[in-house]
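Asks:
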Amino acid sequence: MSRRNGSSFDSKFDADFLEGLSGRRGGGHGRRGRNSRGEQKAQQLCRQAQRALSLALSGECDDDVLRSLYVDAVVPAPDATQLLVRLVIPSTAAAADVRAEDVLARLDRVHGLLRRAVAEAITRKRAPELSFIVVPEIAGRGAGGGGGVA
Numbered sequence: 001m002s003r004r005n006g007s008s009f010d011s012k013f014d015a016d017f018l019e020g021l022s023g024r025r026g027g028g029h030g031r032r033g034r035n036s037r038g039e040q041k042a043q044q045l046c047r048q049a050q051r052a053l054s055l056a057l058s059g060e061c062d063d064d065v066l067r068s069l070y071v072d073a074v075v076p077a078p079d080a081t082q083l084l085v086r087l088v089i090p091s092t093a094a095a096a097d098v099r100a101e102d103v104l105a106r107l108d109r110v111h112g113l114l115r116r117a118v119a120e121a122i123t124r125k126r127a128p129e130l131s132f133i134v135v136p137e138i139a140g141r142g143a144g145g146g147g148g149v150a
């Protein structure tokens with residue numbers, strides 16, 4: 001592998017792979033662009049929100065159905081001022097026969113509590129708005145096997 005000026009690699013390697021490997025974006029300059037910094041902050045916010053929501057649902061909500069839910073993913077929608085939270089209804093839990101509409105109604109009742117939990121866990125002027133998607137667990141895929149923000 002040859003390097004010239006710290007940014008040129010052997011042509012048989014994929015350029016995107018090498019950018020990811022070297023941590024460089026946008027032409028190999030050592031600095032991160034404003035977008036990647038913003039994306040990094042948004043992902044950090046999503047991880048913090050996911051942890052806060054998991055704790056709030058499992059402990060602060062006085063509702064067995066909400067306690068059984070799993071926070072699978074939290075993503076910016078469309079940006080960090082609004083977060084989309086994907087919740088999974090476990091198939092083995094007592095809530096397996098609960099419909100998504102019922103879960104959404106229960107979430108609506110505790111929406112303020114959940115938003116406050118996120119606000120306490122993050123360091124931002126304003127807490128993001130929360131939107132929820134509720135899906136049943138897919139057979140053969142455990143609650144921890146989701147493609148969420150880690």
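Numbering (our numbering), first residue to last: 1 to 150. Here a beta-carbon is modelled for each residue, glycine too, at the ideal position from N, C-alpha and C. Keep in mind the model is a prediction, meaning the values are calculated, not measured.
Of the choices Gln-44, Gln-40, Val-74, Glu-39, whose alpha-carbon is the least far from that of Ser-54?
Replies: Measuring from the Cα of Ser-54, the nearest candidate turns out to be Val-74.
Asks: Excluding five sequence neighbours on each side, which residues of the same chain lie with their C-beta closer than 6 Å to the C-beta of Ala-42?
Replies: Cβ neighbours of Ala-42 beyond the five flanking positions: Pro-76, Ala-80.
Asks: Mind listing, in chain order, the continuous beta strand (DSSP E) runs of no fewer than 3 residues lying wholly within the region 113-140?
Replies: The region 113-140 contains these whole beta strand (DSSP E) runs: 129-136.
Asks: Please classify Glu-137 as buried or exposed, where buried requires at least 16 neighbouring CB atoms within 10 angstroms.
Replies: It counts as buried.
Asks: Quick one, are the C-beta atoms of Leu-45 and Arg-124 less than 9 Å apart?
Replies: In contact: Leu-45 and Arg-124 (Cβ atoms closer than 9 Å).
Asks: What does the alpha-carbon distance come out to for the pair Glu-60 and Val-110?
Replies: Cα to Cα, the separation comes out at about 10 Å.
Asks: Just the Cα atoms here: how many angstroms apart are Ser-68 and Gln-48?
Replies: Going by the C-alpha atoms only, they are around 20 Å apart.
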